[in-house]
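Quick notes on the structure that follows.
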Amino acid sequence: MPKFEYAPAPESRAIVSLRESYGLFIGGEFTPGARAFKTISPATEEVLAEVTEADPADVDRAVSAARKAYEHTWAPMPGKERAKYLFRIARIVQEKARELAVLESLDNGKPIRESRDVDIPLVAAHFFYYAGWADKLDYAGYGAAPRPLGVAGQVIPWNFPLLMLAWKIAPALACGNTVVLKPAETTPLTALAFAEICQQADLPAGVVNIVTGAGETGRALVTHPGIDKVAFTGSTEVGKEIARACAPSRKKLTLELGGKAANIVFEDAPVDQAVEGIVNGIFFNQGHVCCAGSRLLVQESVYDQVLAALRRRLETLRLGDPLDKNTDVGAINSAAQLAKIRELSEAGEAEGAQRWSPPCDLPVKGFWFPPTVFTGVSQAHRIAREEIFGPVLSVLTFRTPAEAVEKANNTPYGLSAGVWTEKGSLSLWMASRLRAGVVWANTFNKFDPASPFGGYKESGYGREGGRHGLEAYLDV
Amino acid sequence: MSALDLRGFLHGLPGVDQVGAQARAAMLASRSVKTTAKQWALDAAISMIDLTTLEGQDTPGKVRALCAKAKRPDPADPTAPMVAAVCVYPDLAHVAAADLKGSGVHVASVATAFPSGRTHLEVKLADVKYAVAAGADEVDMVIDRGAFLTGNYQHVYDEIAAVREACGGAHLKVILETGELVTLDNVRRASWLAMLAGADFIKTSTGKITPAATLPVTMVMLEAVRDFRETHGRQVGVKAAGGIRTAKDAIRYLVLVNETAGEDWLDPRWFRLGASSLLNDLLMQRTKLATGRYSGPDYFTLD
Amino acid sequence: MSDVAMSGPARVTVRKTYKLYIGGAFPRSESGRSYLVADHKGAFLANAAMASRKDARDAVVAARKAFGDWSAATAYNRGQVLYRVAELLEGRRAQFVAEVRSAEGLSPRRAEALVDAAIDRWVWYAGWADKIAQVRGAANPVAGPYFNFSLPEPTGVVAVIAPQASSLLGFVSVVAPAVVSGNTVVALASERFPLPAVSLSEVLATSDVPGGVINVLTGRTAEIAPWLASHMDVNAIDLGGAPDSLADDLAVAAAENLKRVVRAGDQDWTLTPDLDRMLAYLETKTVWHPAGT
Chain F
35 MPKFEYAPAP
45 ESRAIVSLRE
55 SYGLFIGGEF
65 TPGARAFKTI
75 SPATEEVLAE
85 VTEADPADVD
95 RAVSAARKAY
105 EHTWAPMPGK
115 ERAKYLFRIA
125 RIVQEKAREL
135 AVLESLDNGK
145 PIRESRDVDI
155 PLVAAHFFYY
165 AGWADKLDYA
175 GYGAAPRPLG
185 VAGQVIPWNF
195 PLLMLAWKIA
205 PALACGNTVV
215 LKPAETTPLT
225 ALAFAEICQQ
235 ADLPAGVVNI
245 VTGAGETGRA
255 LVTHPGIDKV
265 AFTGSTEVGK
275 EIARACAPSR
285 KKLTLELGGK
295 AANIVFEDAP
305 VDQAVEGIVN
315 GIFFNQGHVC
325 CAGSRLLVQE
335 SVYDQVLAAL
345 RRRLETLRLG
355 DPLDKNTDVG
365 AINSAAQLAK
375 IRELSEAGEA
385 EGAQRWSPPC
395 DLPVKGFWFP
405 PTVFTGVSQA
415 HRIAREEIFG
425 PVLSVLTFRT
435 PAEAVEKANN
445 TPYGLSAGVW
455 TEKGSLSLWM
465 ASRLRAGVVW
475 ANTFNKFDPA
485 SPFGGYKESG
495 YGREGGRHGL
505 EAYLDV
Chain Z
497 MSALDLRGFL
507 HGLPGVDQVG
517 AQARAAMLAS
527 RSVKTTAKQW
537 ALDAAISMID
547 LTTLEGQDTP
557 GKVRALCAKA
567 KRPDPADPTA
577 PMVAAVCVYP
587 DLAHVAAADL
597 KGSGVHVASV
607 ATAFPSGRTH
617 LEVKLADVKY
627 AVAAGADEVD
637 MVIDRGAFLT
647 GNYQHVYDEI
657 AAVREACGGA
667 HLKVILETGE
677 LVTLDNVRRA
687 SWLAMLAGAD
697 FIKTSTGKIT
707 PAATLPVTMV
717 MLEAVRDFRE
727 THGRQVGVKA
737 AGGIRTAKDA
747 IRYLVLVNET
757 AGEDWLDPRW
767 FRLGASSLLN
777 DLLMQRTKLA
787 TGRYSGPDYF
797 TLD
Chain V
22 MSDVAMSGPA
32 RVTVRKTYKL
42 YIGGAFPRSE
52 SGRSYLVADH
62 KGAFLANAAM
72 ASRKDARDAV
82 VAARKAFGDW
92 SAATAYNRGQ
102 VLYRVAELLE
112 GRRAQFVAEV
122 RSAEGLSPRR
132 AEALVDAAID
142 RWVWYAGWAD
152 KIAQVRGAAN
162 PVAGPYFNFS
172 LPEPTGVVAV
182 IAPQASSLLG
192 FVSVVAPAVV
202 SGNTVVALAS
212 ERFPLPAVSL
222 SEVLATSDVP
232 GGVINVLTGR
242 TAEIAPWLAS
252 HMDVNAIDLG
262 GAPDSLADDL
272 AVAAAENLKR
282 VVRAGDQDWT
292 LTPDLDRMLA
302 YLETKTVWHP
312 AGT
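Protein chains in written order, with the working numbering: chain F, 35 to 510; chain Z, 497 to 799; chain V, 22 to 314.
This is the structure we're talking about:
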């Protein structure tokens, strides 16, 4: 029995008013559809609500509504008026911050501390940032008076549901496009709450449309001939399918896909902060992060010290009820994802790596996986090459900076990387050589609407965030 | 260890990234400590207080009032724990010693020309011996910050070692005055320096300048004592002093201890809070937990 | 006896006192002086504070004191604060329309258009806070193993002689571009139409703008402007509201500590501005760092 047990500190669910069922948000209204599916809480497996599955006809209606709004309302609207709608939305997100955070944790399984302190504030920030670009596009570096593309079809993943929505919708609208967005099938609720926010902001009908559904709905959306632009965040496998599907068309496409990032710790790293960075890199959001630091590359000369510090730190990680304010590691988002994580972890053991987890009480109901560290991993192991998308860290070693670069780049992916050293010139030398779209030096998993994010190679193409993030939504 | 070795060792310690350290401390400060945990934490915090008066205008009367409070913090509730120690200037240590005799509350005296430390070593050692003779069983010394900042680590080490010897059986807290050391790298180095020289406790501040104790600074010191026990096999305590005014602050420090150095340090033997007004806020929170009502300052003593 | 009068004798209004806004507080002039402000027909509107050189001096001190924290705030935070000002302005739209009308003698439609433009102008500038660095900064491809980047930084305390004719829109258009990037401002309002600027100070005081970031003086342009122009702790000055005869002398005085000088003068404030007024108050810092093992 620990001396200082924090006691349960549950965030109240009462603040969220869930409907029993949700329709599709098309043309400014919630409309029914033919089929329904359920969304559950991955921590308890209870049903949260019934959600409509959009069929191709529904998708078609949504695209038409978006097209109509684009031609008659949104594209003709001066940028400074579009801006004020986006500012309104940002403000309402701030006003409803707590409610949205609880809803996100319920539907996704991530700890309330993360939804509250990271996800939701960033959502508001993205809308604030892009609101300010709506009437300044002349200065964005794309020529005078750049035009929008038209209607954007956007498909987002389940790991940061409302944040991924913000990354897609904010720049699209700022540039004058209208959107049809499909949230992931396991996490539709905050997107539907966002639809209500659009109504509260008096956003003109059809500017934002939300069509819930799974793979079929997504396919119908990205292949719809009435879409001018496709934006997808998700697995590399599906990203490639979409690229193939869009190839014959003239649709503009941006993809933000998977990763297998190297988090590189040098012997002169600030050790305590590096350990935090490793933990944050792979256990934040249960490792359900495309840019997760899933490969720890530690310089051999400090291997023992870093691993000892890491194990000691992992023993203070708190796994449990996502709605408990002291939870550090929440639930795995779905049974399917849990199965994948287990499969790859078993492969890790089978291939000869050594597996370790701190002692963890896993709840009986729900989908849970303890933070796991594999040592003795080589580049050829599946757990060093394939994206696990779970709280599993593979540890490899290196001797010199050049070797670190080589090993870090030796992957088809190229989304992110981390570098830990007190030596400034080394950080910059590494940053210039790492083939990754985001390099974090002495930090990890930091996001900001002003900071462009996206991958090299099979991690996708296009950037979200910053001035660069406008390009995807302009006809340039 | 030679002066050169000492310098090499201290400069060879891993650096502290300030931004990362502050972020970690801020995350720990967001822990939510409720109900039974809060009850435990409030009592623990009270039992870890060094109740302090270090003013030019201190008198025997003032010290006696403080000692009465130390032994019986809550006039209405005898179950409230006693504090760990009373902390005074050396010339009033005898008053505290007489009042606290047999109570279990320790007598801590500052010494070595507190707070600036700017005088000759002989004067500092005389100050220490005087305090110990007057009945202090704990001595809070200040390091020579000027010597530290010029890189004269050997000088700082030698002074601490000399004071440690002059303390005899009294235990020694070494005040780093982190507000003057400024960087977290300096705090880490000063912590190790003090421990190598024989400190029983390392302490953040004199409380006479701002900033005094902060969560990031205390975190770095807790990392140091944790690592020192690992490499040298000796456990050293940590005292956070100055600027800790509310129960909420105090609980944040306990969380910091818990998740940095570990629960071995969650005991008055190894962790102290140097404070004065903090005690009443802890008592008010304690009363609220027990009665369900928010209390007011009229119900607690001002000494 | 009811306090809510539905009919009966006319209600006497409680008239506002118009003071200076310095360091987040509303003092009268230390000189104890005021001057008569009349509406466009010549009728009495108010006695506005007549600032002295000491008030101007105090305002510069307040602005300098506020500069450290304001320039160190994140751009996001500054943008949020300025957006909040716009929210409060919108809430008081009717009040400002009335004040601008009575000052400048405009039709209701025209006054409304100007106030709306002032609010939208504020929103436009708020949105620049976290973008200036991306538009004005750069990574520079120097010929060597160095990481080299240029960043815009605020210059410091900016004195502004606000436009004489445009009492609100003009005032907003010369003050906002300075503060958005982290500068702090001492603004001398239009001599003839100072009241909307004072009401704007009330908005600033009730928003999240820290005291001292924007300071507003009312009084005689010819008396106060020279003290601001010659002040050695003012880093930049906008001479727009100074008559040409005075502006030359002010520019000469400003040269004593090489203030950055803006002399754009009167213009159609309803047009969307370019970046000049923001850029005028930015310094560029270029940093080199080797990249190597």
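A virtual CB, placed ideally from N, CA and C, is assigned to each residue, including glycine. Note that the structure is predicted; figures quoted are calculated from it, not measured.
Run through DSSP, which three-state label would residue i get?
i: Val207 (chain V); result: strand
i: Thr251 (chain F); result: helix
i: Ile182 (chain V); result: strand
i: Gly240 (chain F); result: coil
i: Asp636 (chain Z); result: strand
i: Gln233 (chain F); result: helix
i: Ile698 (chain Z); result: strand
i: Glu304 (chain V); result: strand
i: Lys704 (chain Z); result: coil
i: Phe318 (chain F); result: helix
i: Val439 (chain F); result: helix
i: Gly503 (chain F); result: helix
i: Ala69 (chain V); result: strand
Determine the direct distance from the alpha carbon of residue j to that of residue i, and round the result to whole angstroms.
i: Val181 (chain V); j: Gly286 (chain V); result: 12 Å
i: Pro238 (chain F); j: Leu110 (chain V); result: 24 Å
i: Val106 (chain V); j: Ala281 (chain F); result: 48 Å
i: Thr409 (chain F); j: His415 (chain F); result: 11 Å
i: Lys202 (chain F); j: Val157 (chain F); result: 11 Å
i: Asn443 (chain F); j: Gln307 (chain F); result: 24 Å
i: Gln371 (chain F); j: Ala131 (chain F); result: 28 Å
i: Gly364 (chain F); j: Gly143 (chain F); result: 6 Å
i: Ala2 (chain F); j: Ala326 (chain F); result: Residue coverage of chain F in this structure runs from 35 to 510, which leaves residue 2 (chain F) outside it and unanswerable.
i: Leu207 (chain F); j: Ala165 (chain F); result: 9 Å
i: Val308 (chain V); j: Lys457 (chain F); result: 17 Å
i: Gln514 (chain Z); j: Asp799 (chain Z); result: 39 Å
i: Leu216 (chain V); j: Leu135 (chain V); result: 15 Å
i: Leu52 (chain F); j: Val85 (chain F); result: 11 Å
i: Ala135 (chain F); j: Leu506 (chain Z); result: 45 Å
i: Lys779 (chain Z); j: Pro577 (chain Z); result: Per the sequence shown, residue 779 (chain Z) should be read as Leu rather than Lys. Going from the Cα of Leu779 (chain Z) to the Cα of Pro577 (chain Z) covers about 10 Å.
i: Asp623 (chain Z); j: Leu550 (chain Z); result: 15 Å
List the whole-angstrom C-beta distance separating residue i from residue j, where the pair is believed to meet the contact cut-off of C-beta under 8 Å.
i: Ser50 (chain V); j: Leu41 (chain V); result: 6 Å
i: Ala589 (chain Z); j: Ala632 (chain Z); result: 5 Å
i: Ser543 (chain Z); j: Ala580 (chain Z); result: 6 Å
i: Val635 (chain Z); j: Ala607 (chain Z); result: 5 Å
i: Gly516 (chain Z); j: Gly311 (chain F); result: 7 Å
i: Val179 (chain V); j: Val206 (chain V); result: 5 Å
With respect to 8 Å, is the separation between the Cβ of residue i and the closest non-hydrogen atom of the ligand HEM below this value?
i: Glu349 (chain F); result: For the structure depicted, the ligand HEM is absent and the ligand set is empty, with no information on it obtainable.
Could you tell me whether any Cβ in chain A is nearer than 9 Å to the Cβ of residue i?
i: Asn444 (chain F); result: No chain A appears in this structure, whose protein chains are F, Z and V.
Exercise. Taking a cut of 7 Å between CB atoms, which residues from the region 687–717 of chain Z lie near chain F?
Worked result: Only those residues of the region 687–717 of chain Z whose C-beta falls short of 7 Å from the nearest C-beta of chain F would be listed, and there are none.
Exercise. Relative to chain Z, which residues along the region 359–377 of chain F have a C-beta separation below 7 Å, given in chain order?
Worked result: Within the region 359–377 of chain F, the qualifying residues are Lys359 and Asn360.
Problem set entry | Residue ranges of each beta strand (DSSP E) within the region 51–104 of chain F, 3 or longer | If we require 3 residues or more, the beta strand (DSSP E) runs fully inside the region 51–104 of chain F come out as 58–60, 63–65, 69–74 and 81–87.
Exercise. Listed in chain order, which residues of the region 459–482 of chain F have Cβ atoms closer than 8 Å to some Cβ of chain Z?
Worked result: Here the close residues are Asn476 and Thr477.
For this session: Check each residue of the region 149–175 of chain V: if its Cβ is closer than 9 Å to any Cβ of chain F, include it; give the result in chain order.
Result: Here the close residues are Trp149, Ala150, Asp151, Lys152, Ala154, Gln155, Val156, Pro166, Tyr167 and Phe168.
Exercise. Which ranges does the alpha helix (DSSP H) cover as unbroken runs of at least 4 residues, wholly within the region 344–390 of chain F, from first to last along the chain?
Worked result: Counting only runs of 4 or more, we get 369–384.
Exercise. Of all the beta strand (DSSP E) runs that stay within the bounds of the region 206–283 of chain V, which reach a length of 3 or more residues?
Worked result: Fully enclosed beta strand (DSSP E) runs of 3 or longer: 235–238, 257–259 and 281–283.
For this session: Can you give me, in chain order, the residues of the region 121–149 of chain V that have a beta carbon less than 8 Å from any beta carbon in chain F?
Result: Of all residues in the region 121–149 of chain V, only Asp141, Val144, Trp145, Ala147, Gly148 and Trp149 come within less than 8 Å of chain F when Cβ atoms are compared, listed by chain position.
Problem set entry | Residues of the region 107–124 of chain F whose Cβ lies closer than 8 Å to any Cβ of chain V, in chain order | Legend: CB atoms of the region 107–124 of chain F lying less than 8 Å from CB atoms of chain V belong to residues Lys114, Ala117, Lys118 and Phe121.
Exercise. Could you give the uninterrupted runs of the alpha helix (DSSP H) lying entirely in the region 193–229 of chain F, keeping only those of 4 residues or more?
Worked result: Complete alpha helix (DSSP H) runs here, min 4: 195–208.
For this session: Quick one: which residues of the region 165–195 of chain F get their C-beta closer than 9 Å to a C-beta of chain V? List them in chain order.
Result: Cβ proximity to chain V below 9 Å picks out Ala165, Gly166, Trp167, Ala168, Asp169, Lys170, Tyr173, Ala174 and Gly175 from the region 165–195 of chain F.
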